[in-house]
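Asks:
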Amino acid sequence: MPRFGVRRSLLAVGVAAGCLITAGPFTGGATRSESIDGLGRATAPAERLTPPVRHLTVSGTGDILPHSPLWSQAASNAGGAGYNFAPMFADIAPVIGFADLAICHLETPIVPVGQALSTYPVYGVPVEVTNAIASAGYDRCSTASNHTFDRGVAGIDRTVAALESVGVQQSGMARTPAEAIPQVVSMNGAAVTHLSYTYGFNGAYVPSGQQWRSPLINVDRIIADGRVARQRGAELVVLSLHWGVEYDRQPSAEQRRVAEAVTASGAVDLILGHHAHVLQPVERINGVWVAFGLGNFLSNMRESPWFPASSQDGAVVDFNVTFVDNARKPNGVEAVVDRPRVIPTWVDRDNGWIIRDVRAQLADPTIPGNRRAALLRSLARTTAVLGEFVPR
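First residue of the sequence shown? That's 231 in the numbering used here, and the numbers climb one at a time after it.
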């Protein structure tokens, strides 16, 4: 199925906190000069040009949660020289890389330099996962989660630096108070802000006076940050929320309360949800698309006494955004977000924790029968929740 949008084009990265790194919104039509003949006479009246229509394709994916068995596979992939997570993303990378703005959710901090790796319940994962995130085609990640402070402020600093070093921007962690200010970047000619918040930190210690390190979900704070972004020139505000009840395929009352209040404010244009580790519905609330839960994109979870089979399921959710002039909107521009498309994914644990594009795999007549059966079960689970958005 052809995907919409154009190849992503990052026009500005490495932004200074709070600065608008963009050429700015369109200001109206341009005037074509009159044609002049050889005698210096005007041969055609001035013509008003319509500004080109601007589009942006935004893709969001579920939790990246590298449990320790994935490290062992990554070590094997690297031949014993560090870790290589890239093969896990190889099957799905063409889908991710097609977006103008691809956003991951890195749920775990990177282990600080000189410290030991750790897995559930307190994570500190290999830095090489950031290389795989970059090579898969992601432009940025949300990083606010219940595990943000698992390795303290050193883990936060290391995570931000590691992503930055491979050219991937992030929202949800900050090394300085300035980094916590909503930032605006230019993506494919559009001014974009990405915000990230979490419901809590699993009781982890947060140093006094450093609450700015990672923001908690608070409706007033989210709305205020979205409005700050608008004032700084943002034409599109994307909000990532780590929320909900684990393994529950339906949004909680709290998720709905927050979604209702935030979407009614006009401060955000799109919401991407995480944490439940299973797919949850996508709904339009107050004119804003809300993906309540994008499932697990990469993890070791699977059907067991502890986890449902749907914990192996995820999705790439694509949104096509068109920017149109609207004098009633901040900055005179409205971001019109089209109905999303869902590309179902599934973690193939038996073949190296490869993130499979479910429908592309099923179209391959050569795949083994046991994998085909597992993919069909995964597709059935995903379509039960998101079927109306999965292309036929």
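Cβ coordinates follow ideal geometry from the N, Cα and C atoms, glycine included.
From this set, Y429, D450, E465 and R451, which residue's C-alpha is nearest G419's C-alpha?
Replies: Here the question's residue 419 lines up with position 189 in the sequence shown. Here the closest residue by C-alpha is E465.
Asks: Entirely within the segment 380-406 and at least 4 residues each: give me those alpha helix (DSSP H) ranges in chain order.
Replies: 382-395
Asks: Determine the contact status of I333 and G290, defining contact as a CB-CB distance below 7 Å.
Replies: Reading the sequence shown from its first residue, position 103 is the one you call residue 333. Reading the sequence shown from its first residue, position 60 is the one you call residue 290. Result yes, Cβ atoms of I333 and G290 sit closer than 7 Å.
Asks: Which of helix, strand or coil does DSSP assign to R284?
Replies: As a working note, residue 284 is residue 54 in the sequence shown. Note: R284 maps to strand in three-state DSSP.
Asks: On the DSSP bridge list, what partners appear for W519?
Replies: In the sequence shown, counting from the first residue as 1, residue 519 sits at position 289. Note: W519 sits in a beta bridge opposite L500 and R514.
Asks: Classify D293 as helix, strand or coil using the three-state DSSP reduction.
Replies: On the sequence shown, position 63 is the one that residue 293 refers to. Taken through DSSP and simplified to helix, strand or coil, D293 comes out as strand.
Asks: Report yes if the CB atom of I294 is closer than 7 Å to the CB atom of L336, and no otherwise.
Replies: Position 64 of the sequence shown, counting from 1, holds the residue named residue 294. Position 106 of the sequence shown, counting from 1, holds the residue named residue 336. In this structure, L336 lies closer than 7 Å to I294 by Cβ.
Asks: Pick from G309, P535, G354 and L300: whose alpha carbon is nearest that of M318?
Replies: As a first step, residue 318 must be located in the sequence shown, where it is residue number 88. Cα-wise, what sits closest to M318 is L300.
Asks: Suppose contacts are defined by Cβ-Cβ distances below 7 Å. Is A323 in contact with N314 by that definition?
Replies: Residue numbering aside, residue 323 sits at position 93 when the sequence shown is read from its first letter. Residue numbering aside, residue 314 sits at position 84 when the sequence shown is read from its first letter. A323 is not a Cβ neighbour of N314, given a cutoff of 7 Å.
Asks: Go through the segment 285-355 residue by residue and report every complete run of the alpha helix (DSSP H) that reaches 4 residues or more, in order.
Replies: 298-307, 316-319 and 323-327
Asks: State the Cα-Cα distance for the pair F527 and S298, rounded to the nearest angstrom.
Replies: Within the sequence shown, the letter at position 297 stands for residue 527. Within the sequence shown, the letter at position 68 stands for residue 298. Cα to Cα, F527 sits roughly 16 Å from S298.
Asks: What number of angstroms, rounded off, separates the C-alpha of R571 from the C-alpha of F549?
Replies: Numbered from 1 along the sequence shown, position 341 holds the residue referred to as residue 571. Numbered from 1 along the sequence shown, position 319 holds the residue referred to as residue 549. Taking the straight line from one Cα to the other gives about 7 Å.
Asks: Do the CB positions of V566 and V547 come within less than 7 Å of each other?
Replies: By one-based count along the sequence shown, residue 566 stands at place 336. By one-based count along the sequence shown, residue 547 stands at place 317. Result no, Cβ atoms of V566 and V547 do not sit closer than 7 Å.
Asks: How far does the alpha helix (DSSP H) with T612 in it reach, from first residue to last?
Replies: The residue given as residue 612 occupies position 382 in the sequence shown. T612 -> alpha helix (DSSP H) spans G599 to L616.
Asks: Tell me whether D578 sits in a helix, a strand or coil according to DSSP, three-state version.
Replies: Translated into positions along the sequence shown, residue 578 becomes position 348. DSSP places D578 in strand when its eight states are reduced to three.
Asks: Decide if L616 is buried, meaning its Cβ has at least 16 other Cβ atoms within 10 Å, or exposed.
Replies: As a working mapping, residue 616 is identified with position 386 in the sequence shown. By the 10 Å Cβ count, L616 comes out buried.
Asks: Give me the residue from V390, G474, L500 and H504 with the minimum Cα distance to V422.
Replies: For the purposes of this step, residue 422 is taken as residue 192 along the sequence shown, with counting starting at 1. Looking only at V390, G474, L500 and H504, the smallest Cα-Cα distance to V422 is reached by L500.
Asks: If you reduce the DSSP assignment to three classes, tell me which class D369 lands in.
Replies: What you label residue 369 is simply residue 139 of the sequence shown in a count that begins at 1. Coil at D369, not helix or strand.
Asks: Would DSSP call E564 helix, strand or coil?
Replies: Translated into the one-based positions of the sequence shown, residue 564 becomes position 334. Note: E564 maps to strand in three-state DSSP.
Asks: Rank A311, N581, R284 and R611 by C-alpha distance to the C-alpha of A320 and give the top, closest one.
Replies: For the purposes of this step, residue 320 is taken as the residue at position 90 of the sequence shown. For A320, the nearest C-alpha among the options comes from N581.
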